[in-house]
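Trainee: For the numbering used here, add 12 to where a residue sits in the sequence shown, where the first one is 1.
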Amino acid sequence: MTATAEAHATRRRTYGAARLLLTLTALAALFATATPAAHAAEPVAQAAYLAARLRADPVYVTDQLPREIPHSTAPAFARLAKRTGVPTYVLVLPGPSGTGKGLLGAVHDRLGRDGLYVLIDASGVSDATAYGVHAPAADAATVALYELPYDAGPLRSFERFVDVVAQGSEKAAQRAASARERYGDEDPAALYLGPSDRDNQSFLTGVLLTAVPALILLLVPYVRRWRRRLPGAKPGRPGAKPGKPGSAKLDSGRKPESGKPESGKPGPGIRHRLGRGLVPAAALAGAAAIALTASLVFDQTRSSAAPPPTAADLTARVHRVTEGLKRDSVYVDPESARVLSAAQLSRLHDRIRAFARSDGGGPVYVLLVPQLTEDESAGQYDVFTATVHRKLGKDGLYVVADPLGGYIEVLNYGLRLDSVGLDLGLPESIGSGDDQAHEADDHALGDRLDALMTYLDKVPRSDEPNTAADYPATPEPVDSHVLRPLFSGDFRPGLLMGALTALFALALTAGVLGIVGKVLRRRNPAPLPTSTLPFTAPTDPSPSYLRRTAHTELSALAEDFRGSAGSGDSGDSGESGDSGESGESGESTHEQPPSGPSGLLPQVRAWDCFDAAMLLVDGDIDALDSPGPGPETLVAVVVLSRAGRAALRGEVNDLCCGVNPLHGPAVSRHHVRVSAEGRRRRLLPVCESCRNTAIVEPATVHTLLMTLPAPAGADGRVPYIETDGPLTAVPNGIPRLIDKVRETAGVQ
């Protein structure tokens with residue numbers, strides 16, 4: 013019996029040792045997997061918190077995005093959710109905190125209710141799943157993603173999502189396929205402008221507001237003057253389109269008017285003043301039109317779809333964090349995925365208590381809260397921390413650990429620590445993390461916070477409590493989405509650039525028109541100024557020179573005569589078919605001018621000269637381009653045309669130079685020698701140049717006498733006064749020349 017009992021005792025001890033070994037092995041395996049298990053269980057805490065919120069209200073809007081999705085917009089999301097036709101649960105969370113894989117499924121499991129679960133972040137609908145109900149969640153999310161631009165906003169994105177869900181599965185699938193096909197490679201146009209876009213609009217408005225009126229004020233008068241300088245331009249009608257010099261048949265039979273306006277019609281002076289006032293009026297109207305159009309087209313007032321937050325929206329998260337710090341020195345954001353295991357959190361509390369008891373240490377407050385540009389502090393951790401410190405009312409070391417970005421910042425309020433060392437000496441491996449931390453989902457915040465506490469133990473102490481800097485307590489203005497007024501910002505630089513643009517355009521236009529004018533003047537040379545004629549007119553002109561000059565002068569007279577007639581009446585050009593031609597019988601069909609003192613009335617003189625010149629060419633200016641008219645006829649046309657143009661300018665000259673009729677008007681009569689042989693003199697009208705020669709060098713005057721090619725069958729040249737035709741009347745004055753032409757043509 014003793015041996016048997018001893019054997020049983022031995023087996024029990026063996027079995028006990030085996031069970032103990034198995035137990036220790038199981039415990040070792042349990043402890044070996046404790047950290048992963050804790051991490052795997054952490055999303056459960058986030059899902060449980062969100063499920064509890066949805067149990068109280070099917071729409072939960074975070075308080076961490078007041079600048080983009082204010083908490084006060086929850087009723088708007090709730091109204092949209094009711095339009096889906098199925099139970100809908102909406103979670104509006106900040107960025108990546110709600111994008112963890114399976115978050116909606118975990119929330120559904122904790123809530124235990126079937127329905128359509130929708131996850132929304134600052135950009136719009138990011139995930140949607142239907143549990144136990146029929147709803148085209150995936151297709152609706154696809155439509156909201158493709159059909160809307162990136163700046164549509166979460167509320168508009170959810171509205172589009174709801175509309176597609178309400179259409180049913182079949183239509184939703186078709187719409188999703190169409191959206192992918194249409195917007196697969198490009199995004200829809202943005203709905204809102206950024207600050208830089210508004211600057212561009214202001215700059216463009218400023219440029220146009222000065223450039224367009226300045227161009228009207230500068231270019232219109234410049235182009236008018238340029239056109240008046242063109243060959244054949246009409247001087248009496250600024251801006252009128254000049255006719256082609258030498259058009260086939262011109263009416264020389266129109267009566268010159270006395271300049272008195274017809275009854276009921278404004279006179280030329282009134283029309284001229286009205287014309288001058290049109291340019292400033294057009295510039296003013298253009299500026300007003302640009303300003304009005306810009307205000308209507310660039311009417312955007314906001315740069316984002318985000319509604320303005322209320323005061324409660326901007327203080328909700330600070331109040332929540334402050335209340336949490338009153339209960340625990342480590343505040344973990346319940347909306348974010350957990351980044352600290354239970355063991356890491358417990359160790360952090362132990363390290364904080366030890367630091368508080370150390371020499372120069374003190375309270376440490378750890379804020380595991382995301383820092384986003386859409387939050388109440390606009391992503392400025394120092395502003396957020398200063399606000400929490402002021403709200404909490406306790407000094408200490410405030411540590412901000414961002415569970416989304418992974419950054420750690422330390423701010424000292426009233427502890428005897430070297431604040432400069434905290435600001436500048438914090439190791440990068442702790443503040444921003446190394447490559448391994450960047451790749452980890454939890455950013456290795458647990459290990460880095462532990463390393464931070466070790467670093468704090470080594471930070472030099474100071475004699476007096478201090479703060480590194482006066483941290484700001486005021487966030488950026490909440491109206492940051494409000495665009496500047498259109499007429500501000502870059503509007504003033506645009507005004508300056510518009511003026512420079514107008515000057516550049518004027519210079520460019522002047523260059524182009526200068527080239528065009530040279531080409532036109534080369535093709536249609538303008539008459540030479542009267543003052544230059546004595547120095548430029550040849551003594552022995554060739555037939556080609558006479559034809560070219562006669563065509564130019566008579567064309568200019570025709571255009572000037574039209575302009576004068578147009579400015580004195582209703583503006584009729586005076587053309588009337590064949591009324592300017594003379595018949596074969598030699599009888600003129602021209603109407604006679606009104607009665608008046610012959611040779612004194614400028615318009616009558618101009619009419620007589622024009623009429624006589626047209627008789628010489630049979631009413632056809634183009635005939636001057638042919639070899640038909642003789643040299644003496646061409647000279648007579650030149651003399652009459654120049655006298656007529658001078659009369660239209662108010663200069664009635666009865667005499668032209670008798671030495672050389674191409675010299676222009678005469679200033680007096682003088683006895684001059686007309687031949688090198690003998691000393692015979694003749695009393696002739698002379699221009700100023702010929703008179704001076706006759707006084708200073710009388711023996712050389714005969715060399716200035718104009719000669720013409722001899723008649724057909726003869727050689728050499730002959731003095732013009734010895735030719736047959738109307739030129740023999742030149743020494744007797746312009747009126748006698750006119751009469752001679754009419755006598756030759758048989759006109760009464």
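Even for Gly, the Cβ is constructed at its ideal location relative to N, Cα and C.
In whole angstroms, give me the CA-to-CA distance for V432 and R314.
Mentor: 41 Å
Trainee: K470: which of D430, V155, Q179 sits nearest, CA to CA?
Mentor: D430
Trainee: Are the region 631 to 647 and the region 544 to 551 touching, with three or more C-beta to C-beta distances below 8 Å?
Mentor: no
Trainee: Assess contact between the region 179 to 193 and the region 146 to 164, defined as three or more Cβ pairs (one per stretch) separated by less than 8 Å. Is contact present?
Mentor: yes
Trainee: Only counting the same chain, and skipping five residues up and downstream in sequence, which positions put a Cβ closer than 8 Å to that of D751?
Mentor: Within the same chain, D751 has close Cβ partners A741.
Trainee: If you measure between the beta carbons of P643 and P721, is that distance less than 7 Å?
Mentor: yes
Trainee: Nearest CA to the CA of A659: which residue from L569, P743, R125, I228?
Mentor: L569
Trainee: What number of angstroms, rounded off, separates the C-alpha of F516 from the C-alpha of M509?
Mentor: About 10 Å.
Trainee: Nearest-angstrom Cα distance between V528 and A724?
Mentor: 41 Å
Trainee: Check the DSSP bridge columns for D133 and list the partner residues they point to.
Mentor: G136
Trainee: Quick one, are the C-beta atoms of P346 and Y61 less than 7 Å apart?
Mentor: yes
Trainee: Taking the Cβ atom as the reference point for each residue, do V698 and V730 lie within a distance shorter than 7 Å?
Mentor: no
Trainee: Locate the beta strand (DSSP E) running through G408, then write down its first and last residues.
Mentor: 408 to 413
Trainee: State whether the region 488 to 497 contacts the region 446 to 462, with contact taken as three or more CB pairs (one from each stretch) at a distance under 8 Å.
Mentor: no
Trainee: If we count the other Cβ atoms within 10 Å of its Cβ and call it buried at 16 or more, is G662 buried or exposed?
Mentor: exposed
Trainee: Where do the N-terminal and C-terminal ends of the beta strand (DSSP E) with L221 fall, by residue?
Mentor: From DSSP, L221 is part of no beta strand (DSSP E) but of the alpha helix (DSSP H) over 207 to 240.
Trainee: List the DSSP bridge partners of A142.
Mentor: Bridge partners of A142: L128.
Trainee: Suppose you measure from the CA of A618 to the CA of V531; what does that come to, to the nearest Å?
Mentor: Taking the straight line from one Cα to the other gives about 30 Å.
Trainee: Rounding to the nearest angstrom, what Cα-Cα distance links E596 and A624 in this structure?
Mentor: Residue placement at E596 is poorly supported in this model, since its pLDDT is 37, which falls under 50; the coordinates still yield a value, given next. The C-alpha of A624 is placed about 16 Å away from the C-alpha of E596.
Trainee: Give the C-beta separation of A562 and L646 to the nearest angstrom, bearing in mind that I take them to be a contact with Cβ-Cβ under 8 Å.
Mentor: 4 Å
Trainee: If you follow the alpha helix (DSSP H) that L103 is in, where does it begin and where does it stop?
Mentor: Unbroken run through L103 is the beta strand (DSSP E), 100 to 104; no alpha helix (DSSP H).
Trainee: How many Å lie between P200 and A188 at the Cα?
Mentor: Roughly 15 Å between the two C-alpha positions.
Trainee: For K338, which residues from the same chain have a beta carbon less than 8 Å from its beta carbon, with the 5 sequence-adjacent residues on both sides left out?
Mentor: L404
Trainee: Can you tell which of G426, P70, Y419 has the C-alpha that lies nearest to the C-alpha of D446?
Mentor: Out of G426, P70, Y419, Y419 has the C-alpha closest to the C-alpha of D446.
Trainee: To the nearest angstrom, report how far apart S135 and A90 are at their CA atoms.
Mentor: 18 Å
Trainee: Which residue's Cα is closest to the Cα of T322: I81, P747, I733, C669?
Mentor: I81
Trainee: Comparing alpha-carbon positions, which option in A118, R236, A93 lies nearest V177?
Mentor: A93
Trainee: Which stretch, first to last residue, makes up the beta strand (DSSP E) that contains H682?
Mentor: 680 to 685
Trainee: Express the C-alpha separation of T305 and E335 in angstroms, rounding to a whole number.
Mentor: 54 Å
Trainee: Given R473, which residues of its chain have a CB within under 7 Å of its CB, disregarding the five upstream and five downstream residues?
Mentor: D371, G372, R428, L429
Trainee: Whole angstroms is fine: what's the gap from A317's alpha carbon to G374's?
Mentor: If I take the Cα positions, the gap works out to 45 Å.
Trainee: Compute the distance between the beta-carbons of P78 and D407, then report whether it is under 7 Å.
Mentor: no
Trainee: To test your reading of the DSSP string, which unbroken beta strand (DSSP E) runs of 3 or more residues are found completely within the region 644 to 719?
Mentor: 680 to 685, 693 to 698, all fully within the region 644 to 719.
Trainee: Whole angstroms is fine: what's the gap from V400's alpha carbon to H331's?
Mentor: Using only the alpha carbons, I get a separation of about 8 Å.
Trainee: Suppose the cutoff is 8 Å on Cβ atoms and the five residues either side in sequence are ignored; what does the same chain contact list for A522 look like?
Mentor: Scanning its chain for C-beta atoms nearer than 8 Å, with the 5 sequence neighbours on each side dropped, one finds around A522 the residues Y234, in chain order.
Trainee: Quick one: Cα of D69 to Cα of T100, how far?
Mentor: 11 Å
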